[in-house]
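Chemist: The structure that follows is given in the form of structure tokens.
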Amino acid sequence: MVRGITTASRQSAVSTSGHAAIYTRISDDPEGTALGVSRQEQDCRALAERLGLDVVAVFSDNDVSASTASTKDRPAYSDMLARARAGEFTHVLAYSNSRLTRRLRESLDLIDLAKTGRVVIKTVASGEFDLSTADGRATALTLATWDQAEAERVGERVKRAARQRIESGRWHGGVPPFGYRREDKTLVVDERESDLIREAAHRVLDLDDTLYGIVQDWNKRGDLTRKGTTWRHSVLRNILINPATVGTNSAGVENCWVAILDRDTHSRLLSRLAPDSTRRTNSLGVKSSKYPLGGGLVRCGRCGKPLSTVARKSLGTVKMACRAFMNGDHPNHAPDENGDKGRVSIDAKALEQYLYEQCVRHLDDLPYWDRVKREREEATSDLKVMRDELDARKAERDRAGRAFIAGIMSESEAQGEVARLDDEIARLKARIDGTQGGPLAVDVWGERRAVLDRWDEWEPGEKRLFFRDLIESVTVGDWPSGIPTTTLPRKNESSAAFEARREGVARDALNKRIGPKRIKWRA
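Going by this note's numbering, the sequence shown opens with residue 29, and the numbers climb by one from there.
The following block contains the structure:
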């Protein structure tokens with residue numbers, strides 16, 4: 029920060045022998061109040077008044093270190109030296125030598141400046157020595173050497189203290205990892221950020237979702253980063269593999285703070301998001317993670333090769349198509365008399381809805397529903413027993429805590445009892461979670477068709493897993509002859525009637541292009 033004379037008044041300052049510049053600096057100002065440099069300026073102005081000098085400029089580097097370990101530039105200091113060399117003022121005032129610099133190299137530059145005889149350096153607290161004499165320069169260099177040594181010792185102590193905090197398992201300072209916030213010099217779980225981490229882990233591991241698909245979804249719904257910027261998949265990856273999420277610090281010390289993810293989940297994420305895995309975006313033929321089809325599930329009726337997802341943003345449509353660059357040449361794709369190369373394509377949204385309806389009908393013909401209902405009834409009965417047992421264990425844990433407070437149990441006895449009960453509670457919770465089932469088992473039981481009503485609410489990864497659990501492959505044939513590819517409204521036809529007729533034509537085409545015989549079900 030620089031304040032003082034303007035460009036227009038600099039020329040008059042060059043020829044004036046009583047003009048001074050003040051330089052202030054403080055290394056650490058976390059609050060940004062600038063109170064330290066303000067006090068230095070006041071003391072320097074008092075010195076200027078005693079020396080009969082007019083202050084024409086003030087240069088200030090607030091919250092900037094001058095030690096050899098600092099990598100920050102000092103723009104005000106550099107500007108002050110340049111203007112001093114230009115002769116804009118005859119004196120440089122500072123509170124102490126260490127405010128000017130703690131680097132021996134920079135002290136030599138100041139001495140060279142003073143040796144020219146055009147600039148005198150004065151300080152409030154460092155005493156007086158004449159830089160125009162050998163003894164004065166020797167004294168200044170001695171002080172500069174000790175200033176630099178002290179700055180380096182401070183840096184060593186700070187690093188050692190930080191290393192000790194890390195090795196002892198305490199938070200070592202700095203920016204808290206995503207998912208946490210700093211509170212009383214320790215880390216506590218941030219509710220919003222930790223929920224995002226758990227959601228991402230679930231979608232990656234359980235729903236086969238991609239990092240790109242997750243961040244696109246978050247950006248769209250407004251769940252932005254801590255700084256309010258849009259997400260990138262590389263940022264999310266670094267967060268998910270960060271050991272801080274399981275309570276481990278950078279030195280490998282475990283249980284330093286409350287974990288967001290359990291170690292098994294974190295280990296699975298490390299394996300899934302390993303460097304080789306990040307290069308894979310999706311299965312063959314899948315366009316991003318926004319669409320549940322592709323990946324070899326849907327195949328061309330002519331060549332048998334996979335159809336890939338093609339999004340046409342200009343038209344607002346998404347198609348599954350047999351693409352030459354992926355499937356190559358095939359005799360069945362030879363052009364006909366009209367020049368059509370016979371590449372099969374189909375509307376992806378319509379195919380998705382059609383396949384889902386076929387899946388539900390297929391399940392209607394299996395003893396699946398009776399088995400699901402029976403298992404759910406048994407699980408519900410077991411669930412009540414387990415929940416009652418869980419409540420009982422929680423009550424026992426509370427009683428152990430009260431017994432310690434009342435002096436009935438010693439601290440070690442209470443800790444042992446609480447640890448035993450915590451293990452039982454965790455085991456019961458795991459058993460209860462295991463009986464809940466996935467989205468299909470929960471939603472379909474009882475009301476078979478209710479799941480169809482919620483289909484649009486499912487994530488693409490959930491839909492993709494649903495199809496792959498039931499279907500081995502789907503073969504799409506050519507557009508049926510005799511069915512028009514474009515349906516136009518008829519004269520005096522109402523909108524509702526036109527939409528119904530168009531949907532009927534599309535459904536007729538789907539039944540002929542796919543039909544039950546072209547869907548290969550899994551066992």
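Built from N, CA and C at the ideal position, the CB exists for glycine as well.
Predicted model, so just to flag it, every value in this text is computed and none were measured.
State buried or exposed for residue 347, treating a residue as buried only when at least 16 other CB atoms are found within 10 Å of its CB.
Modeler: Buried, by the Cβ-count rule.
Chemist: Apply the 10 Å Cβ neighbour rule to residue 149 and answer buried if 16 or more other Cβ atoms are within range, or exposed otherwise.
Modeler: buried
Chemist: With a threshold of 16 other CB atoms inside 10 Å of the CB of residue 54, please say whether the residue is buried or exposed.
Modeler: Counting other Cβ atoms within 10 Å of its Cβ, residue 54 reaches 16 or more and is therefore classed as buried.
Chemist: Going by other Cβ atoms of all chains shown within 10 Å of its Cβ, with 16 needed for buried, is residue 286 buried or exposed?
Modeler: exposed
Chemist: Classify residue 339 as helix, strand or coil using the three-state DSSP reduction.
Modeler: strand
Chemist: Does the Cβ-Cβ distance between residue 84 and residue 62 come in under 8 Å?
Modeler: no
Chemist: Assuming residue 229 contacts residue 298 (C-beta within less than 8 Å), just tell me the rounded distance between them.
Modeler: Contact between residue 229 and residue 298 is ruled out by a C-beta separation of about 11 Å, above the 8 Å threshold.
Chemist: Please identify the residue among 226, 390, 244 whose C-alpha is closest to the C-alpha of residue 268.
Modeler: 226
Chemist: Give me the Cα-Cα distance between residue 388 and residue 497, rounded to the nearest whole angstrom.
Modeler: 12 Å
Chemist: Quick one, are the C-beta atoms of residue 453 and residue 504 less than 8 Å apart?
Modeler: no
Chemist: Between 75, 214, 46, 222, which has its C-alpha nearest residue 146's C-alpha?
Modeler: 46
Chemist: Exposed or buried, residue 513, counting other C-beta atoms within 10 Å across all chains shown (16 or more means buried)?
Modeler: Result: exposed.
Chemist: Rounded to whole angstroms, what's the CA-CA distance from residue 51 to residue 113? Just pull it up for me.
Modeler: 15 Å
Chemist: If I measure Cβ to Cβ from residue 428 and keep anything under 8 Å in the same chain, skipping five residues before and after, which residues do I get?
Modeler: Within the same chain, residue 428 has close Cβ partners 437, 442, 445, 446, 449.
Chemist: Which full runs of the alpha helix (DSSP H) of 4+ residues lie inside the region 409-463, going along the chain?
Modeler: Entirely contained in the region 409-463, the alpha helix (DSSP H) runs reaching 4 residues are, in chain order, 439-462.
Chemist: Would DSSP call residue 497 helix, strand or coil?
Modeler: Three-state result, residue 497: helix.
Chemist: Do residue 141 and residue 72 have their CB atoms nearer than 8 Å?
Modeler: no
Chemist: From the DSSP secondary-structure annotation, give me the bridge partner or partners of residue 53.
Modeler: 89
Chemist: Would DSSP call residue 378 helix, strand or coil?
Modeler: helix
Chemist: So, for residue 252: in the same chain, excluding its five sequence neighbours on each side, which residues have a beta-carbon less than 8 Å away from its beta-carbon?
Modeler: 246, 258, 259
Chemist: Name, in chain order, the residues that DSSP records as bridge partners for residue 214.
Modeler: Under DSSP, residue 214 shares a beta bridge with 211.
Chemist: Using a 10 Å radius around the Cβ and a threshold of 16 neighbouring Cβ atoms, would you call residue 243 buried or exposed?
Modeler: Residue 243 is buried by the Cβ-count criterion.
Chemist: Is the distance from the Cβ of residue 78 to the Cβ of residue 89 below 8 Å?
Modeler: no
Chemist: Using beta-carbon positions only, say whether residue 334 and residue 380 come within less than 8 Å of one another.
Modeler: no
Chemist: If residue 272 sits next to residue 205, beta carbons under 8 Å apart, how far is it from one beta carbon to the other, in whole angstroms?
Modeler: 4 Å
Chemist: With C-beta atoms as the reference, is residue 456 less than 8 Å away from residue 421?
Modeler: yes
Chemist: Starting from the N-terminal side, write out each stretch of the alpha helix (DSSP H) that is 4 residues or longer and does not extend beyond the region 247-272.
Modeler: For the alpha helix (DSSP H) assignment, the uninterrupted runs of no fewer than 4 residues enclosed by the region 247-272 are, from N- to C-terminal side, 261-268.
Chemist: In the structure shown, what three-state DSSP assignment does residue 150 receive?
Modeler: Correct three-state label for residue 150: strand.
Chemist: Per DSSP, residue 502 is paired with what?
Modeler: 326, 547
Chemist: Could you spell out the range, first to last residue, of the beta strand (DSSP E) harbouring residue 122?
Modeler: 119-122
Chemist: What is the residue span of the alpha helix (DSSP H) that residue 65 lies within?
Modeler: 63-79
Chemist: So which of 300, 494, 417 has the shortest CA-CA distance to residue 386?
Modeler: 494
Chemist: How is the alpha helix (DSSP H) around residue 540 delimited, first residue to last?
Modeler: Residue 540 -> alpha helix (DSSP H) spans 523-541.
Chemist: For residue 216, count neighbouring C-beta atoms within 10 Å of its own C-beta (all shown protein chains included) and say buried if the count is 16 or more, exposed if not.
Modeler: exposed
Chemist: With 16 other CB atoms within 10 Å as the buried threshold, where does residue 138 fall?
Modeler: buried
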